[in-house]
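A short write-up of the structure that comes next.
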Amino acid sequence: MEEEKRNAMFASFRAGRSPKKVIEFLNYPKTDEFVAEVKRKVNEDGNKSYAKLVVKNFVKHWMDLVANGRPYVLQQDSAPAHKSRENQAWLLENLPYHWSPDLWPPSSPTCNPFDYFFWGMVENKTNKYAHNTFDSLRATIVEEFANMKKDVVAKACGRFRHRLEMIVAADRGYIKK
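Each residue of the sequence shown is one higher than the one before, starting from 29 at the first, in the numbering used here.
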């Protein structure tokens with residue numbers, strides 16, 4: 029069950045959900061080990077920000093693990109925590125390859141495979157029957173993400189470049205599906 033929660037958490041973060049929303053959605057208690065550790069570190073050193081700790085201790089660690097020695101580019105949108113001077117300075121010092129916040133618009137569903145494909149697909153499957161409890165809905169969402177076929181993921185992600193080209197052609201304006 030813990031692995032399912034972790035996978036759902038990764039999926040939610042990749043979809044641009046805030047850590048607070050993810051923790052609330054997954055019904056982690058407010059004193060969750062991760063949140064408690066972040067609070068402890070912030071209290072220990074007033075120079076550390078929540079965003080910096082999340083990127084340093086969660087995002088970078090996870091990206092290093094997934095990349096398994098291969099180079100990667102960290103991509104963040106222009107949410108306030110992402111574009112803070114402190115966060116950008118840390119990224120410049122610690123991650124040689126990352127996009128600056130002005131390269132990615134905030135809350136950009138057109139650019140995000142989770143928004144333009146995955147959430148809709150999961151929603152269609154979870155809405156096939158009524159969920160009487162929040163736990164039932166959450167379990168179904170986790171199950172749907174866990175059972176997603178690799179070819180479906182590859183096809184959705186394969187549309188990414190085409191969608192970006194359509195956005196550029198529309199001078200960063202609205203594009204039709």
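For every residue, glycine included, the Cβ atom is placed at its ideal position computed from N, Cα and C.
Assigned exposure category for residue i - 16 Cβ within 10 Å defines buried
i: H110; result: buried
i: P141; result: buried
i: V180; result: exposed
i: Q104; result: buried
i: P108; result: exposed
i: L192; result: exposed
i: V170; result: buried
i: V94; result: exposed
i: V196; result: exposed
i: V101; result: exposed
i: F146; result: buried
i: F162; result: exposed
i: T59; result: Any reading at T59 must be qualified, since the residue scores a pLDDT of 48, below 50, and its modelled position is unreliable; no value is offered.
CA nearest to the CA of residue i, picked from the options
i: D130; options: S106, E151, L120 and D143; result: S106
i: A167; options: V150, H89, E121 and K177; result: V150
i: N122; options: G186, G148, H89 and W147; result: H89
i: K119; options: N85, K183, E172 and A198; result: The sequence given here has Leu at residue 119, not Lys. Taking only the C-alpha atoms, the option nearest L119 is N85.
i: K183; options: Y144, V101 and G97; result: Y144
i: G186; options: F173, V87, V83 and C139; result: C139
i: N173; options: H190, K153 and F188; result: The question names Asn, but residue 173 is Phe in the sequence shown. Among H190, K153 and F188, the Cα nearest to that of F173 belongs to K153.
The alpha helix (DSSP H) enclosing residue i, as first and last residue numbers
i: S164; result: F162 to A174
i: K178; result: K178 to G186
i: L120; result: R113 to N122
i: K156; result: Looking at the DSSP string, K156 is not in any alpha helix (DSSP H), and its letter there is neither H nor E.
i: L93; result: K88 to A95
Query raised in the report: For the 8 angstroms Cβ check, are there 3 or more pairs between the region 152 to 161 and the region 115 to 134?
Result: Contact fails: fewer than three Cβ-Cβ distances are below 8 angstroms.
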